[in-house]
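Engineer: Protein sequences appear in the order of chains A and B.
With positions in the first sequence counted from 1, the corresponding number in my numbering is that position plus 35.
With positions in the second sequence counted from 1, the corresponding number in my numbering is that position plus 35.
All C-beta atoms, glycine included, are put in the ideal place defined by N, C-alpha and C.
Here it is: the structure, laid out below.
There are 2 protein chains.
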Amino acid sequence: MAKPVPTAILFDVFGTCVDWRTCVAREVAAMAKAKGVAVDALAFTDAWRANYSPSMEVVRSGKRPYVPLDVLHRETLVALCAQFGLPLSEAETDNLNFAWHRLDPWADTVAGLNRLKTKFILSPLSNGNVRLLVDMAKRAALPWDTVLSTEVFKAYKPMPQTYLGAVEMLGCKPGEVMLTAAHNADLRAGQALGLRTAFIHRPTEYGPAQKADLGPEGDWTYIARDLEDLADQLGV
Amino acid sequence: MAKPVPTAILFDVFGTCVDWRTCVAREVAAMAKAKGVAVDALAFTDAWRANYSPSMEVVRSGKRPYVPLDVLHRETLVALCAQFGLPLSEAETDNLNFAWHRLDPWADTVAGLNRLKTKFILSPLSNGNVRLLVDMAKRAALPWDTVLSTEVFKAYKPMPQTYLGAVEMLGCKPGEVMLTAAHNADLRAGQALGLRTAFIHRPTEYGPAQKADLGPEGDWTYIARDLEDLADQLGV
């Protein structure tokens with residue numbers, strides 16, 4: 036039986052479409068060099084990302100009202116600067132925090148998205164706030180048809196209202212929308228709500244020693260090497 | 036003194052970026068012809084648009100919970116089909132209702148937006164729902180950076196939360212955002228909240244007998260013949 040073909044495709048962004056680790060570490064290293072401080076930029080970046088989910092969990096659990104990811108990122112950054120001995124001014128902190136707005140796409144991302152855009156409605160569905168995603172898309176030429184951030188729903192993935200809210204905004208039923216991600220947990224949450232799913236292999240998102248999400252762990256609609264392969268499979 | 040230069044520009048869409056009257060009338064005429072019925076397509080279209088603001092007012096006044104513009108458009112369409120003697124099936128009604136998703140841009144719109152996009156974040160801020168605006172943008176090649184619809188705020192312009200919500204989503208202060216519209220009332224509402232404003236001349240939006248919005252009626256930041264002229268004035 037032919038696989039279902041979606042009307043719209045939602046994309047996880049950090050790790051799935053862009054390489055946050057290399058890009059953030061590059062900016063951390065440049066900032067440390069400018070300040071004349073020795074900092075392990077990859078360790079700094081990994082620690083920053085390690086607090087990503089815990090920082091959102093405070094919002095997801097209802098302990099804290101929604102604040103955009105830029106705010107959570109900055110709070111973690113301030114703590115890490117103290118921990119790693121990287122003294123930054125307010126302006127320098129803001130600037131380094133916005134490294135997350137300046138992430139480079141994986142080599143296949145822009146070509147894959149441009150092919151998929153010819154037939155499908157494309158939008159991110161990311162925990163990054165709207166402005167972060169818009170800045171990233173302009174810089175990296177990500178050809179979104181619109182930018183759906185979980186900020187629109189004042190919630191964070193994997194809260195159900197983020198997936199269902201995006202489906203509603205796209206004027207679709209859940210089965211008409213496909214979530215594309217390099218993370219099995221994200222796909223699991225979308226699938227439970229009726230969305231189609233596509234797993235993308237990004238085995239070095241967390242560096243050469245990556246341990247999680249090395250392969251598909253669910254019955255996903257599509258499994259693809261990268262976004263060009265996904266375009267091949269969808270016939271565009 | 037130099038005029039303020041915005042970070043982001045929001046655009047009214049119906050009338051400002053696209054020519055709804057010609058395009059909807061064309062689809063009404065084609066549908067009437069297919070059904071073998073004589074209908075004054077321009078009168079039908081003008082009546083459809085005449086109920087635009089009244090239909091939203093029921094939501095704005097709090098008498099009815101928010102429903103997307105597609106729903107309001109369809110209710111008006113059903114009433115007009117009875118009034119004008121145009122008998123349509125459910126599928127034909129849906130199809131004609133989506134004429135509002137298939138509007139052509141004015142001659143300067145795409146070129147003007149592409150120039151403005153090189154320097155500014157561009158988004159619609161329209162009462163059209165997200166899917167309507169996304170469908171329109173894909174068909175007409177409107178190069179939005181994201182698609183902010185008042186649907187995101189479950190409200191309709193000129194309710195303040197639509198302008199302020201868009202400013203917040205763009206990560207800006209009101210004075211960093213410029214609202215661009217062919218309608219003085221829209222600009223007045225935005226200006227009262229601190230947004231910059233640009234008036235665009237669209238003297239035939241309502242046809243050759245247009246009586247309102249023939250020129251600027253406020254102290255707008257920019258006044259432009261069209262979107263190419265606005266790009267000229269903003270130096271892009």
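1) Could you tell me which chain A residues have their CB closer than 9 Å to the CB of L205 of chain B, listed as they occur along the chain?
2) From Y87 of chain B to D54 of chain A, what distance separates their C-alpha atoms?
3) Run through chain B and tell me which residues come within less than 9 Å of K173 of chain A, C-beta to C-beta.
4) Could you tell me the alpha carbon to alpha carbon distance between K152 of chain A and M91 of chain A, rounded to whole angstroms?
5) Please say whether T144 of chain A and T181 of chain B have beta carbons closer to each other than 8 Å?
6) What residue ranges within the region 155 to 239 of chain B form continuous alpha helix (DSSP H) runs of no fewer than 4 residues, ordered along the chain?
7) Which residues of the region 41 to 65 of chain A have a Cβ closer than 9 Å to any Cβ of chain B? Give them in chain order.
8) Indicate whether at least one CB of chain B lies closer than 8 Å to the CB of V346 of chain A.
9) With distance defined between alpha-carbon atoms, name the residue in A:T51, A:V48 and A:R56 nearest to P243 of chain A.
10) Inspect the beta-carbon positions of D105 of chain B and L160 of chain B and report whether they are closer than 8 Å.
11) Would you be able to state if there are at least three C-beta pairs under 8 Å between the region 130 to 139 of chain A and the region 58 to 65 of chain A?
12) Give the DSSP-derived three-state secondary structure of V102 of chain B in the structure shown.
13) Roughly how many angstroms separate the alpha carbons of Y241 of chain B and D81 of chain B, rounded to a whole number?
14) Can you list, in chain order, the residues of its chain with a C-beta nearer than 8 Å to that of L77 of chain B? Leave out the 5 residues immediately preceding and following it.
15) Taking the beta carbon of K98 of chain A as the centre, do at least 16 other beta carbons fall within 10 Å, making it buried, or is it exposed?
16) Can you tell which of B:F155, B:K68, B:W83 and B:G50 has its C-alpha closest to the C-alpha of P178 of chain B?
17) Leaving aside the five residues before and after D47 of chain B along the sequence, list all residues of the same chain whose C-beta is less than 6 Å from its C-beta, in chain order.
18) Does the distance from the CB of Y198 of chain A to the CB of L230 of chain A come in under 8 Å?
19) Quick check on DSSP: helix, strand or coil for P89 of chain B?
20) If we call anything under 8 Å between Cβ atoms a contact, is V187 of chain A one with G200 of chain A?
21) How long is the line joining the alpha carbons of P209 of chain A and E263 of chain A, rounded to whole angstroms?
22) Give me the Cβ distance between W255 of chain B and A233 of chain B, rounded to the nearest whole Å; I'm assuming they're in contact under 8 Å.
23) Is the CB-CB distance between P41 of chain A and E203 of chain A below 8 Å?
24) Could you tell me the alpha carbon to alpha carbon distance between V165 of chain A and S184 of chain A, rounded to whole angstroms?
25) In the DSSP assignment, the beta strand (DSSP E) including L45 of chain A goes from what residue to what residue?
26) Which of helix, strand or coil does DSSP assign to A247 of chain B?
27) Just the Cα atoms here: how many angstroms apart are V113 of chain A and T128 of chain A?
28) What residue from B:A126, B:E125 and B:G147 has the CA that sits closest to V271 of chain B's CA?
29) Just to confirm my understanding: we take R109 of chain B, look at its own chain, exclude 5 residues before and 5 after, and list those with CB closer than 6 Å. What are they?
Structural biologist: In terms of the structure at hand:
1) Residues of chain A whose Cβ lies closer than 9 Å to the Cβ of L205 of chain B are, in chain order, V165, R166 and V169.
2) Y87 of chain B and D54 of chain A have their C-alpha atoms some 45 Å from each other.
3) Neighbours of K173 of chain A on chain B, chain order: K152, I156 and D180.
4) K152 of chain A and M91 of chain A have their C-alpha atoms some 31 Å from each other.
5) Going by C-beta atoms, T181 of chain B is not nearer than 8 Å to T144 of chain A.
6) Fully enclosed alpha helix (DSSP H) runs of 4 or longer: 165 to 175, 195 to 204 and 219 to 227.
7) For the region 41 to 65 of chain A, the set of positions with a beta-carbon nearer than 9 Å to some beta-carbon of chain B reads A43 in chain order.
8) An answer regarding residue 346 of chain A cannot be provided, because it is not within the stretch 36 to 271 covered by chain A.
9) The candidate whose alpha carbon is nearest that of P243 of chain A is A:R56.
10) No, the pair does not count as a contact, with Cβ atoms beyond the cut-off.
11) Segments in contact, yes.
12) The answer is coil: DSSP assigns V102 of chain B none of H, G, I, E or B.
13) Just so you know, the alpha carbons of Y241 of chain B and D81 of chain B end up roughly 8 Å apart.
14) Excluding residues within five positions, the ones whose Cβ falls inside 8 Å are R56, A60 and G242.
15) Per the 10 Å Cβ criterion, exposed.
16) With respect to the C-alpha of P178 of chain B, the residue from B:F155, B:K68, B:W83 and B:G50 having the closest C-alpha is B:F155.
17) Around D47 of chain B, the same chain offers A216 and D221 as residues with beta carbons nearer than 6 Å, after the five sequence neighbours per side are excluded.
18) A contact, by the Cβ cut-off of 8 Å.
19) Note: P89 of chain B maps to helix in three-state DSSP.
20) For V187 of chain A and G200 of chain A, yes; Cβs fall inside 8 Å.
21) Near 24 Å, if we compare the C-alpha coordinates of E263 of chain A and P209 of chain A.
22) Confirmed, Cβ separation roughly 6 Å.
23) The answer is no: Cβ separation not under 8 Å.
24) Their Cα atoms are separated by approximately 5 Å.
25) It spans A43 to F46 - the beta strand (DSSP E) in which L45 of chain A sits, taken as one unbroken run.
26) Three-state result, A247 of chain B: coil.
27) V113 of chain A and T128 of chain A have their alpha carbons spaced roughly 7 Å apart.
28) Out of B:A126, B:E125 and B:G147, B:G147 has the C-alpha closest to the C-alpha of V271 of chain B.
29) Cβ neighbours of R109 of chain B beyond the five flanking positions: N132.
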